[in-house]
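Student: Same order as they appear, the protein sequences are chains V and H. Just so you know, my numbering puts 1081 at position 101 of the first sequence, and the rest follows in order with no gaps. Just so you know, my numbering puts 1119 at position 139 of the second sequence, and the rest follows in order with no gaps. For glycine and all other residues, C-beta sits at the position ideal for the given N, C-alpha and C. Mind looking over this structure? Questions follow.
There are 2 protein chains.
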Amino acid sequence: MTRGLTDRQSQVLEFIQQFLGEQGYPPTVREVAARFGFRSPRAAHDHMKALEKKGFLRSEPGLPRALNIIGPPRGIPVLGSIAAGAPILAVEEAEEHLDLEADFFGSGRFFALKVRGESMIDDHIQDGDLVIIRSQDQARPGEVVAVLIDDEVTLKHFHPVKDGVELRAANPAVPTLKVGADRPLRILGVMAGLVRRS
Amino acid sequence: MTRGLTDRQSQVLEFIQQFLGEQGYPPTVREVAARFGFRSPRAAHDHMKALEKKGFLRSEPGLPRALNIIGPPRGIPVLGSIAAGAPILAVEEAEEHLDLEADFFGSGRFFALKVRGESMIDDHIQDGDLVIIRSQDQARPGEVVAVLIDDEVTLKHFHPVKDGVELRAANPAVPTLKVGADRPLRILGVMAGLVRRS
DNA sequence: ATCTACACTATACGTTGGTCTAGTCAGATG
DNA sequence: CATCTGACTAGACCAACGTATAGTGTAGAT
């Protein structure tokens, strides 16, 4: 499952996550041991130390329940910048994660892109804004979409036309891009929100 | 401060919240005591038991760090709308809470205001946006501030001038407001970010 | 003048829980 | 075959921690 962990380590990590979610505080070594039926706290302790060494957990030595899950970053991954050449769309490659509530922007899978330039300025999306995209491969006319075209990601208004698609910017200075049905165009998702950190 | 709590109890609760946000796990009785300089863990323990009795905390007896904040919702409180007449600035009156990471917009105490109208449209702040405000009573020239004036909250650019302050909108259609040094004007905080949910 | 609520100090008890030493066992690797 | 890694048992040490008893001081209400 998760990068470089043994099965048992994944299970332990998952349990700690779950415990934290349900109880609001992290489990002790012995609580982990009890969950898996270990007769010795040592077994659980070993796994937790392994998880720590692999960077999935942080803990304060000697202190009970002083645990922190740091490995699998939760939240919305910031996958790169728009119009900056082929961003990698794997979660592991995320530059950063926006750690916010699961359904903050509604339901679905989300990612974020950092906007470069002023091409969507009339939609009040400015340089440096993080645009939240809901992952989907379909879009309705007029929606703001993140599309992959010619190995580049752009944010545009989506308008299907005869034999193709028009991608309109929200800036009169930026010309509309007409894409024929033959050219490869992949919709990555539609805009679901925006975060600006001044 | 918060409903039915003594000053000290509020402080203790706030510290526990902050600790949880920063450390990822709850503090022990002694860590609370250390924070406030108590020479005895008993003092902290008493406050925590009081908070528990008043329903702000839950704890598992005998277990270290087995704490749970249940009373006050976490996150950034949405305190009301801008330019919509005297919003209540008590945390209890929050309409909603933006449940996101503690230091998402940097450090400090934050609240959010829902923007009504187009008065800041040139700053690309549009109707319905949630503007994140860092609580502080000072501002530097040019910063976007939330100010309380005549029992109304507005979002404006802050410009100190001779014998007063100018509050400029980011929309040419909205006239600049000149406020004399005599008129009561209270800075609630400065803009630290923005959240738009499309 | 007494009472009660609040905020604490001083000290201590007993348990919980992180961590240690010292092993066993199975499966994979060289 | 020996060695290594992963997963565990058994038992123990002791610091950290929740909790208790007993008491001080202060401020406001009765």
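Quick one: does residue 1091/H have its CB under 7 Å from some CB of chain V?
Tutor: Not an interface residue.
Student: Once you ignore the five residues that flank residue 1138/H on each side, which residues in its own chain have a CB closer than 6 Å to its CB?
Tutor: 1119, 1123 and 1125
Student: Which residue or residues does DSSP assign as beta-bridge partners of residue 1134/H?
Tutor: 1127/H
Student: Residues in the same chain with beta-carbon distance under 8 Å from residue 1092/H, minus the five sequence neighbours each way, listed in chain order, please.
Tutor: Here the set comprises 1056, 1057, 1058, 1059, 1078, 1110, 1111, 1112, 1113 and 1175.
Student: Using a Cβ-Cβ cut-off of 7 Å (strictly less than) and excluding sequence neighbours within five positions of residue 994/H, which residues of its own chain qualify?
Tutor: none
Student: Between which two residues does the beta strand (DSSP E) containing residue 1049/H stretch?
Tutor: 1047-1049
Student: Does any residue of chain V have a CB that is nearer than 7 Å to the CB of residue 1045/H?
Tutor: Taking Cβ atoms only, chain V reaches closer than 7 Å to residue 1045/H, which makes this a yes.
Student: What first and last residue would you give for the beta strand (DSSP E) that runs through residue 1001/H?
Tutor: DSSP places residue 1001/H outside any beta strand (DSSP E); the residue lies instead in the alpha helix (DSSP H), whose first and last residues are 987-1003.
Student: Going along the chain, which residues of its own chain have a beta-carbon closer than 6 Å to the beta-carbon of residue 1173/V, five neighbours each way excluded?
Tutor: 1085 and 1112
Student: Quick test of the definition: if touching needs 3 or more C-beta pairs under 8 Å, does the segment 999-1011 of chain H touch the segment 1035-1053 of chain H?
Tutor: Between the segment 999-1011 of chain H and the segment 1035-1053 of chain H, the count of Cβ pairs shorter than 8 Å is three or higher; the stretches touch.
Student: By how many angstroms is the C-alpha of residue 1012/V removed from the C-alpha of residue 996/V?
Tutor: For residue 996/V and residue 1012/V, the distance between alpha carbons rounds to 8 Å.
Student: Tell me whether residue 1134/V, by its Cβ, gets closer than 6 Å to a heavy atom of the ligand SAH.
Tutor: No copy of the ligand SAH appears in this structure; indeed no ligand is present at all.
Student: Kindly list the residues whose CB is nearer than 6 Å to the CB of residue 1010/V, restricted to its own chain and excluding five residues on each side of it in sequence; keep chain order.
Tutor: 1021
Student: Going by DSSP, what residue range makes up the beta strand (DSSP E) through residue 1171/V?
Tutor: Unbroken beta strand (DSSP E) run through residue 1171/V: 1165-1177.
Student: Go to residue 1157/V, then tell me how far its beta strand (DSSP E) extends in each direction, as first and last residue.
Tutor: First-last of the beta strand (DSSP E) with residue 1157/V: 1157-1160.
Student: Excluding five sequence neighbours on each side, which residues of the same chain lie with their C-beta closer than 6 Å to the C-beta of residue 1030/V?
Tutor: 989
Student: Measure the Cβ-Cβ separation of residue 1127/V and residue 1101/V and say whether it is below 7 Å.
Tutor: no
Student: Going by DSSP in three states, residue 1010/V sits in which element: helix, strand or coil?
Tutor: helix
Student: Tell me which residues of the segment 1093-1107 of chain V have at least one Cβ-Cβ distance to chain H shorter than 8 Å, keeping chain order.
Tutor: 1101, 1104, 1105 and 1106
Student: Please list the terminal residues of the continuous beta strand (DSSP E) segment that includes residue 1119/H.
Tutor: From DSSP, residue 1119/H is part of no beta strand (DSSP E); its letter is neither H nor E.
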